[in-house]
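Residue numbers (our numbering): 166 to 434.
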């Protein structure tokens, strides 16, 4: 008996016909490696241009924790910004002093900035505030995210000012933005009061921008994997106390059943 191969059922890129690596659930579109990367980078560039987030001559500080979102942010900006004209980038890493966690992410950040040849400035909590986050949270662990958020905002602004940056880019993605909207609903905080978190003690305001705000967490993970830049890093030990973790799981379940949930939430702000 002669066996013949059955039909090739490998999903193909809708743009070029090459084997697909990603399927967009909202549109059903399939993309190969190259067209997926181009799509993500193109959408980030469109966000930057349409919202005038970065313009030629800007000096942008990148909040680089060493985790997946900030890693993708640095990689994408390094690749797409040359098309805008001269833009300077400086990486800013905050060392909160979280034992057994921050050491690995700082090492990852160091490797990344060396790869791209960018200036890198590290600001530590002990340097700024006289102690580590672990010290401040002793016996107050459930308050971790609130305390850390306030201190990190201050530290990032100090780092951006020291670098002489004009803007501070953070790696907040579509999922983060949707989660923030939902958390504000749960807290009854609509609309949330605007915080002057970009100002330092001298009053200088450094605008914050979110170039990845329309890129999903899943897309960021795939982007990093396709570049061989995915790192299996530990999760912050204080995350177990965060409301965001519960909201993330809840929204992930909704999004799996109802594609587009994250984008609809984010646009409802």
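We put the beta carbon where it would ideally sit given N, CA and C, even for glycine.
Which of helix, strand or coil DSSP assigns to residue 366: Reliability of the predicted coordinates at residue 366 is poor, the pLDDT of 42 falling under 50, and no value is obtained from them.
Any C-beta of chain C under 8 Å from that of residue 317: You won't find chain C in this structure, because it holds only one protein chain.
Classification of residue 231 by the beta-carbon crowding that lies within 10 angstroms, buried from 16 upward: buried
Proximity of residue 403 and residue 320 at Cβ, strictly below 8 Å: no
Expected contact under 8 Å - CB spacing of residue 109 and residue 269 to nearest Å: Residue 109 lies beyond the stretch modelled for the chain, which goes from 166 to 434, so this question has no answer here.
Residues bridged to residue 289 (per DSSP): 260
At least three beta-carbon pairs within less than 8 Å, the region 249 to 256 to the region 214 to 226: yes
Unbroken stretches of the beta strand (DSSP E), 3 residues or longer, contained in the region 307 to 349: 332 to 334
Supposed contact pair residue 315 and residue 288 - C-beta distance, whole angstroms, cut 8 Å: With 8 Å as the limit, residue 288 and residue 315 do not qualify as a contact, their Cβ atoms being about 15 Å apart.
Short Cβ contact (8 Å threshold) for residue 284 with residue 256: yes
Opening and closing residue of the alpha helix (DSSP H) in which residue 385 lies: 382 to 391
Reduced DSSP secondary structure (H/G/I, E/B, other) of residue 176: coil
6 Å Cβ shell around residue 412 - same chain, five flanking residues per side excluded: 344, 347, 348
C-beta atoms of residue 239 and residue 281 nearer than 8 Å: yes
Three-pair Cβ contact test at 8 Å for the region 377 to 386 versus the region 335 to 343: yes
Nonlocal neighbours in the same chain, by C-beta distance under 6 Å from residue 324, ignoring five residues either side: 257, 286, 288
Complete alpha helix (DSSP H) runs within the region 190 to 255 (minimum length 4 residues, chain order): 198 to 215, 233 to 245
Inter-residue Cα distance where the pair is residue 332 and residue 374: 7 Å
Residue 334, buried or exposed, once every other Cβ within 10 Å from all chains shown has been counted against 16: buried
Span separating the alpha-carbon of residue 187 from that of residue 306: 39 Å
For residue 263, the nearest candidate out of 205, 297, 276 (CA to CA): 297
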